[in-house]
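Below is one structure, written out as structure tokens; comments come after it.
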Amino acid sequence: MIPVPFSPAVRVLECPRCGAPLEGVGEAVRCRFCGAVSVVGPRDDRALVAHGDAFADERARMLAQRPGPPLPGYGPYSLSPNPAGFEGTEGKPYAELAPRLLQAWEAIRAEFAAEHKVRDEYRAYWVALVLDTWYASEQDEARRRAMLESALEMLPGSGCRHILRCHMANAAARALDFASADAWLASCDPHADDEDLASNYRLSASTIADRRHEYARVLELLGPTLAQAPNATMRRSINCAEARVSALEDLGRVNEALAELKMSIAELGPGVVAALLRTKRAPQAMARYRRSSKGFVIGAVVIAIVAATLVVWRTC
Ligand SMILES: [Zn+2]
Numbered sequence: 079m080i081p082v083p084f085s086p087a088v089r090v091l092e093c094p095r096c097g098a099p100l101e102g103v104g105e106a107v108r109c110r111f112c113g114a115v116s117v118v119g120p121r122d123d124r125a126l127v128a129h130g131d132a133f134a135d136e137r138a139r140m141l142a143q144r145p146g147p148p149l150p151g152y153g154p155y156s157l158s159p160n161p162a163g164f165e166g167t168e169g170k171p172y173a174e175l176a177p178r179l180l181q182a183w184e185a186i187r188a189e190f191a192a193e194h195k196v197r198d199e200y201r202a203y204w205v206a207l208v209l210d211t212w213y214a215s216e217q218d219e220a221r222r223r224a225m226l227e228s229a230l231e232m233l234p235g236s237g238c239r240h241i242l243r244c245h246m247a248n249a250a251a252r253a254l255d256f257a258s259a260d261a262w263l264a265s266c267d268p269h270a271d272d273e274d275l276a277s278n279y280r281l282s283a284s285t286i287a288d289r290r291h292e293y294a295r296v297l298e299l300l301g302p303t304l305a306q307a308p309n310a311t312m313r314r315s316i317n318c319a320e321a322r323v324s325a326l327e328d329l330g331r332v333n334e335a336l337a338e339l340k341m342s343i344a345e346l347g348p349g350v351v352a353a354l355l356r357t358k359r360a361p362q363a364m365a366r367y368r369r370s371s372k373g374f375v376i377g378a379v380v381i382a383i384v385a386a387t388l389v390v391w392r393t394c
């Protein structure tokens, strides 16, 4: 595997035969695992446009591919409802869901290899993003990179590609590979005309700023108050709250971090504390919250349960 697993300087796709990461560009790129030879062209790195009339048509197409009637509050790129074959999987442990995801992804890959297109873009997008979370939790960066880049290859819409590139930027930033993170995000649309796309962009940019220790920039990106942070889903709202509390404390503004923590818990529940416990961020604000909260012992039990449930699949 390449030393920086999310570098856009190289092509890394899944082998069409065995699914293993396949590196390189050319007429005859050979899989190191199964020996299959593939033709790998250069990646399309053109700037994505996710606003305007053409994008409005693309959003409508995505909306039409989603199962059932449109749900209030859920845009075409939200991960609810689940596609066919994954009904009722909400709350299932990832370990139980992963074999089904991998099987579905293999079928999508085979379909693309045979027909040079995916028949159901929403389903492929959904499976890729849920699989991304699974690979991230398993810390399987090599397969995660190959799957994300293969999804970029297969999904034609600029909205899906924008979100996949945001995920790639997040992964690179978490690996402290900032040049790669910037490069993946550079071709996303900073003026995307969709709430999910816009909030994914701001959260990815704030993750990069956070890992660079640019905490004032994190607050600038996520808004001066919780209410102004991008909050298309509960999961994203919790990520935002965790980032804001951490940034305030890292700027030395511990009182504000504590106030933000309390406000976030009142608004979003104990998932915020669970997220901070997991990342071990904002230790001073957390210690002061523990001292000031009489119900913390009971709360801690709840939080531990919530922390455990974070390894299960949830859309919001
Ligand atoms: Zn192979």
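Quick note: the sequence shown, position 308, residue 386 per this note's numbering, numbers continuous.
Glycine included, each C-beta is placed from N, C-alpha and C at the ideal position.
Item: Run of the beta strand (DSSP E) containing R108, from where it starts to where it stops; Value: 104-108
Item: Neighbourhood of S156 by C-beta distance below 6 Å, restricted to the same chain and skipping five residues each side; Value: D274
Item: Helix, strand or coil at P361 according to DSSP, with G and I counted as helix; Value: helix
Item: A114: CB within 6 Å of a non-hydrogen atom of ligand 2; Value: Ligands present in the displayed structure are limited to ligand 1, and ligand 2 is not among them.
Item: V115 - partner residues in DSSP beta bridges; Value: R108
Item: Span separating the alpha-carbon of C266 from that of C244; Value: 7 Å
Item: Three-state secondary structure (DSSP) of L157; Value: coil
Item: Beta-carbon proximity of A363 to E320, cut-off 7 Å; Value: no
Item: Distance cut-off 6 Å: R108 Cβ against heavy atoms of ligand 1; Value: no
Item: Rounded Cβ spacing between S116 and V107 (contact assumed at less than 8 Å); Value: 5 Å
Item: Chain-order list of residues whose beta-carbon lies under 6 Å from that of L339 (same chain, five-residue window excluded); Value: V323, A363, Y367
Item: The alpha helix (DSSP H) enclosing P177, as first and last residue numbers; Value: 172-193
Item: Check: R243 C-beta below 6 Å from any heavy atom of ligand 1; Value: no
Item: For E227 and W204, the rounded distance between their alpha carbons; Value: 15 Å
Item: S282 to A176 span [Cα, whole Å]; Value: 25 Å
Item: Coil, strand or helix - V323 by DSSP; Value: helix
Item: First and last residue of the uninterrupted alpha helix (DSSP H) at E298; Value: 293-300
Item: Contact between the segment 197-214 and the segment 143-160 (3+ Cβ pairs under 8 Å); Value: yes
Item: N- and C-terminal bounds of the alpha helix (DSSP H) containing L339; Value: 332-346
Item: For M232 and A87, the rounded distance between their alpha carbons; Value: 19 Å
Item: Beta bridge counterpart(s) of L233 as assigned by DSSP; Value: Its beta-bridge partners do not exist; DSSP assigns none.
Item: Straight-line Cα distance separating A261 from L100; Value: 21 Å
Item: For E92, the three-state DSSP class (helix, strand or coil); Value: strand
Item: Any non-hydrogen atom of ligand 1 closer than 6 Å to A319 Cβ; Value: no
Item: Assumed close pair V82, G102 - CB separation to whole angstroms, cut-off 8 Å; Value: Rounded, the Cβ-Cβ distance is 16 Å, inconsistent with contact.
Item: Residues of its chain near E334, where Cβ-Cβ distance is below 7 Å and the 5 sequence neighbours each way are ignored; Value: L326
Item: Environment of D255 [buried if 16+ CB atoms lie within 10 Å]; Value: buried
Item: Supposed contact pair D210 and R222 - C-beta distance, whole angstroms, cut 8 Å; Value: 6 Å
Item: Beta-carbon gap between A114 and R95 smaller than 7 Å; Value: yes
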